[in-house]
Amino acid sequence: MLYFILKYRKGRKTNRKNPLTDSRKLEVFWILGSLITFLGIFLCGAGLYNWQTQPPKNAMEIYIVAKQWMWKIQHPEGRREIDELHVPLGQPIKLVMTSQDVIHSFYVPAFRAKMDVLPGRYSVLWFQPTQTGRYYLFCAEYCGTNHSAMIGSVIVMQPADYAHWLSGAASGGAIPSLEDAGRKLFAQLGCISCHGDRGQGAAQGPDLRGIFGKQIRLQNSHVITADEDYLRRSILQPSAEIVAGYPNVMPTFQGQISDEELAQLIAYLKALRQETPQGGSR
Ligand code: CUA
């Protein structure tokens, strides 16, 4: 702009004939240039987004229930803690999170990791700790009076220390793993009367073996993937998505089980995946 102001200012002797009205070269350059630049930025971003939202297969799954105003954490081995999350160094960690009341947000600034935690569904966040130490955990969504006090920490330990910590806490007897707690609930709540004691589809309920990650055909002929959210909905609002070929007879468990218990049940259903059918009689 400065160049043109100086070059063409009034009284300046300069060639003003045949002003250029269009330039094919310039148009091609800026259309292709910006297209390639922004497509490139989009592709990098999409790749990164995909990487960020797909936890590695070997990730350790930890369940988190947020509530006003604390973080309740359940490890797969059964150990529970509040406002502190212990994890082993170098191990990819997948957090499966839900809220008991309002929207919270799980935020560990040092890990550049943040994810909203919503009531009524699961959100997933994963990270892989690379340094031992204690890191701040904040709630990053205004959730009421004590939102600013909803602070915890993530403690990254050497794997050996972590194993020690996991076992060391059991002061009185062993803690049942999430899966075992879920198996017990499965019996207690009477799930086994329709789904069988090993989820093998005894009477009127569908076979639950290998359910997690499976493509499920519904009565309305939609096909959906059985992820954590699907399992959760199927327990709380069973009549919403009826599996093709089965009657709509399952009662709802809304209000009868807590979010922690739901996590245990889901951990059990996931484990049914590994169980081989030839397990036979018990
Ligand atoms: Cu929980 Cu803010």
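Oh and the sequence shown: position 176 is 184 in the numbering used here, straight run, nothing missing. The beta carbon of each residue, even a glycine, is placed where N, CA and C say it ideally should be.
Classification of residue i by the beta-carbon crowding that lies within 10 angstroms, buried from 16 upward
i           : result
residue 113 : buried
residue 285 : Since pLDDT at residue 285 reaches only 49, below the 50 mark, its modelled position is unreliable, and no value is offered.
residue 59  : exposed
residue 42  : exposed
residue 28  : exposed
residue 287 : Bear in mind that a pLDDT of 43 at residue 287, under 50, signals an unreliable position, so the number given afterwards is only what the model happens to contain. The residue in question, residue 287, is exposed, as its Cβ has fewer than 16 Cβ neighbours within 10 Å.
residue 83  : buried
residue 213 : buried
residue 88  : exposed
residue 25  : exposed
residue 191 : buried
residue 13  : exposed
residue 261 : buried
residue 220 : buried
residue 79  : buried
residue 242 : buried
residue 258 : buried
residue 230 : exposed
residue 52  : exposed
residue 18  : exposed
residue 201 : exposed
residue 189 : buried
residue 90  : exposed
residue 81  : buried
residue 289 : Note on residue 289: pLDDT 39, under 50, position unreliable in the model; the coordinate value appears next. It counts as exposed.
residue 39  : exposed
residue 101 : buried
Beta-carbon spacing of residue i, residue j below 7 angstroms
i           : j           : result
residue 234 : residue 134 : no
residue 131 : residue 165 : no
residue 107 : residue 95  : no
residue 93  : residue 162 : yes
residue 70  : residue 103 : yes
residue 268 : residue 73  : yes
residue 216 : residue 273 : no
residue 254 : residue 194 : no
residue 97  : residue 137 : yes
residue 111 : residue 149 : yes
residue 22  : residue 15  : yes
residue 226 : residue 248 : no
residue 152 : residue 76  : yes
residue 256 : residue 250 : yes
Those residues which DSSP pairs with residue i across a bridge
i           : result
residue 60  : DSSP, once it has assigned bridges, lists no residue as partnering residue 60.
residue 147 : 114
residue 79  : 74
residue 158 : Looking at the DSSP assignment, residue 158 forms no beta bridge with any residue, so it has no partner.
residue 69  : 102
residue 93  : 162
residue 135 : 101
residue 8   : Residue numbering for the chain in the displayed model covers 9 to 290; residue 8 lies beyond these limits and cannot be assessed.
residue 257 : DSSP output for residue 257 lists no bridge partner at all.
residue 233 : 223
residue 107 : 74, 127
residue 141 : 164
residue 297 : With the chain covering only 9 through 290, there is no way to say anything about residue 297.
residue 251 : 226
residue 122 : 115
(request) Spell out a yes or no on whether the region 236-248 and the region 153-168 are touching, meaning 3 or more CB-CB pairs, one atom from each, closer than 8 angstroms. (result) no
(request) Specify whether the region 142-156 and the region 166-173 touch according to this definition: at least 3 beta carbon pairs, one from each stretch, less than 8 angstroms apart. (result) no
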